[in-house]
Structures are given as C-alpha cells and as structure tokens.
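Sequence order for the protein chains is C and D.
Heads up: take any position in the first sequence, counting from 1, add 124, and you land on the numbering used here.
Heads up: take any position in the second sequence, counting from 1, add 25, and you land on the numbering used here.
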Amino acid sequence: MGIHRTSCCFAVVAFLLSGPQMARGEHFTIDLKVAAGDDRSCSAVSDQSPPEAGVLPRPVLRVARGEVVTLQFIMTNVYPHGTIKGAGVRFYVVRQQEISQKSVPPLDAGVVTQGNFVFNLKPKARIGSRMRIRLDEPGVYLLRVETQRTMSTHEHFSAIDIEVK
Amino acid sequence: MARCFTVRRTGVGGATLLLAVLLTGCLRSADVPSKSPGDEATSTTITGPCRYEIQLTLESGDQHLAAANVARAGPRPVLAVHPGRQLSVDWEVTNLSKDKAYKDVTLHFVLVAASKLSQAEAPPLDLVETENALTMDFDPAARSEGHLQLQIPPVGVYQVRIETIDDAPEQDQIVVDLDVK
Chain C
125 MGIHRTSCCF AVVAFLLSGP QMARGEHFTI DLKVAAGDDR SCSAVSDQSP
175 PEAGVLPRPV LRVARGEVVT LQFIMTNVYP HGTIKGAGVR FYVVRQQEIS
225 QKSVPPLDAG VVTQGNFVFN LKPKARIGSR MRIRLDEPGV YLLRVETQRT
275 MSTHEHFSAI DIEVK
Chain D
26 MARCFTVRRT GVGGATLLLA VLLTGCLRSA DVPSKSPGDE ATSTTITGPC
76 RYEIQLTLES GDQHLAAANV ARAGPRPVLA VHPGRQLSVD WEVTNLSKDK
126 AYKDVTLHFV LVAASKLSQA EAPPLDLVET ENALTMDFDP AARSEGHLQL
176 QIPPVGVYQV RIETIDDAPE QDQIVVDLDV K
C-alpha cells in the first residue's frame, strides 16, 4: 500500500498534536520514512543505543536496482531541560551483510550517502531531511539516523533496512 | 559590519512554514507545493549587512568550489561534476555578532534541479534532490556546521543553497550552481 497524502498527513498532524507525551520519557522522537515507486514504503520510530542495534525490529524495504528511493526523517528534541551545545545528528545509508544485522557497519567503506550536523540543541528543536538516492548495486543496506553528543547515557536512532535486488 | 548577499522577504516565508513543508512532504514530491515559503523568501536579492557568515564548500574528485556570503562581484560560482559520483558538501554558519543572540533560526540546505545556470529565482522544491533543515538558537558567535556526502544526481543543472530563515526581514544565504554533465 502506498503512502497516500491523506493518511500520511493525518499521521503527521497526529504526530504534531501528540507532542512530547508520545515520547514516554524519551529525549527524541524520530519519524523515519523511506519509499520507492508509488506503492512501497515503510517507516520506523525512535529506538535507543546501546545496544548498538537497539531493541526494535527494523522494517525492510525491498527495491529494484537503480530505482529512486526517497528518504525522509523528522527529529524532535522533547528533552525540556536546557540547550545542549555541540550536539549532533548523523544519518547514513551504508552497505551491510544481512537484514537485521546486529552490528552497525563501519562508515569507512560502502557508504552510499551520509551527513552530520553540529549545532546547539534547544528544547523542541527539530531536524528534518529528505533526499532521493539510487542504489545501483544489489545487496542489503542500512538506513540509520542517530543523535550524537546529547550528554545522555544513551543516544536515539531510527533505522530501516533496504534490500536491493 | 560585513556586507553580504541577503534576501528580502516578500512572502510569508518562515521557519514554521518551512518545517511545515518538510513535515507534510510525506515522501510524495507531487504533494509538495510547487512554490514553497523558502521560494517566496528569495524573490529579492540585495546586498546588505549580514548577521551570519556562511561558508559553503563542494568537492567531487579533483573538482573543488568554495564560496562565502560576503559581498563580491561576478557570476554565481559553478562546479562541473559527473553523474553518479560522490559529492562532498561542507557548510558553516556563524553568528557574526559578539553580543546579540538570534532565536528560532532555521538553517535550510537544498540541492534542487534548476532550469539553467545562474537562474535568478529559486527552483520549486518538488524538484529537490536533497533538503535539510534544522532549528536552533544562535548565541553570540555561535556556529553550526554540516557535512554531507551525496550522490551526484543525473545530468542537469542544480542549485545548491544554504540560507537562514527567521523573523528578520532580510536573510543570509549563499547559492552556487552544480553543472552535472
């Protein structure tokens, strides 16, 4: 089933209206989506690290080689207690060995795209991104967006596996 | 005070609306308004005092482009690159004031298809290849930075733009062109 504008925007409105109470004491909400063509998409929410791969199962999107894949994430800082200077957000798509791999691959090889931002993280700050990529090589890829240096015992992330055939 | 290329708003652009575009983009580019708040904000380019220093660097293979928003003469910088290769993008935005803070500033980065080199108007965001936005408060001399490794999109002309968006009537930005051939 594709992402229909009505249902998708309803979900976004619900996300906006729900605010911090949906976070259940978490510091970040992360709404990660990936789509290909008109009929395939999946989404993931915030998980925590450690453990490195979190505790939630990762959704899998299957795409064809060379197909345009659209990524989008929206992160909201729901931690209300002051600004964290020099915090970061990082995202990447990197080749991995298998679906649901428990370890995060190193980013020194097999990276399709990546980005990181350094900024002063204020309460209610939002970070959003969307981009189109093309995966030309068959295999399994990890799409992951994560917080960095948030001065917490853990960081937050959201991740989806992409299988290219 | 340093003078920069800035843009004067003629529309209703603003951080909230810009994020609304991101939030309601819903992965379906056709759903994104063809004229975004950010586009309206770039309708008039002027040279005036800048609040931020913006530095932007693009690199692909041995091709390199560095630009800043300080006032200068000449055409818009262009980086010629090849499709399918990697493009490194680095940007830095620094509050030039030593005593003034700016609240609720959105930093907006976009790589979007354009019709031609040196296109004056901002292309519609339904042609976007990559878009990032983040909100923060800029304390005096505060800095934010971003580092991206992107796939170079298919053959064509693209605008690469980073801009500040807040309630001020004039915004700082820098725009360069990417010529993919």
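Glycine included, each C-beta is placed from N, C-alpha and C at the ideal position.
Within 7 Å of the CB of residue 164 (chain C), no CB atom of chain D is found; the nearest one sits about 11 Å away.
The C-beta distance from residue 269 (chain C) to residue 213 (chain C) rounds to 7 Å, short enough to meet the 8 Å contact threshold. For residue 251 (chain C), the nearest beta carbon of chain D is closer than 9 Å to its own beta carbon. In the DSSP assignment, residue 161 (chain D) falls within the unbroken beta strand (DSSP E) covering 153-163. Separation of residue 89 (chain D) and residue 81 (chain D) (C-alpha to C-alpha, rounded to the nearest whole angstrom) is 11 Å.
In the DSSP annotation of this structure, residue 75 (chain D) is not part of any beta strand (DSSP E), being labelled neither H nor E. Looking at the DSSP output, residue 167 (chain C) bridges to C:157. Interface flag for residue 255 (chain C) against chain D is set, since a Cβ pair is found closer than 9 Å. Taking C-beta atoms under 8 Å as the contact rule, residue 227 (chain C) and residue 177 (chain C) qualify, at a distance of about 7 Å. Residue pairing by DSSP puts residue 169 (chain D) in a beta bridge opposite D:118.
Linking residue 187 (chain C) to residue 194 (chain D) through their CA atoms gives a straight-line distance of about 44 Å.
Between residue 172 (chain D) and residue 241 (chain C), the CB-CB gap stays under 9 Å. Relative to residue 163 (chain C), the option among C:151, C:182, C:200, C:191 whose CA is nearest is C:191. Look at the stretch 226-238 of chain C: the residues with a C-beta under 8 Å from a C-beta of chain D are 235, 236, 237, 238.
Taking residue 114 (chain D) as the centre and dropping the five residues before and after it, the same chain places the C-beta of 83, 173 closer than 6 Å to its C-beta, in chain order. Three or more beta-carbon pairs drawn from the stretch 142-159 of chain D and the stretch 245-263 of chain C are found closer than 8 Å, and the two stretches are therefore classed as touching. Around residue 229 (chain C), the same chain offers 218, 220 as residues with beta carbons nearer than 6 Å, after the five sequence neighbours per side are excluded. Look at residue 86 (chain D): its C-beta is not under 9 Å from any C-beta on chain C.
Secondary structure at residue 150 (chain D): helix, using DSSP grouped into helix, strand and coil. Counting C-beta pairs with one atom in each stretch, the stretch 149-160 of chain C and the stretch 273-286 of chain C have three or more that are closer than 8 Å, which means they touch. Cβ neighbours of residue 194 (chain C) within its own chain (closer than 6 Å, five residues either side excluded): 159, 256.
In the structure shown, residue 284 (chain C) falls within a strand segment according to DSSP collapsed to helix, strand and coil. For residue 251 (chain C), the three-state secondary structure derived from DSSP is strand.
Rounded to whole angstroms, the separation of the alpha carbons of residue 234 (chain C) and residue 196 (chain D) is 38 Å.
When C:239, C:207, C:210, C:206 are compared, the shortest CA-CA separation from residue 267 (chain C) is found for C:239.
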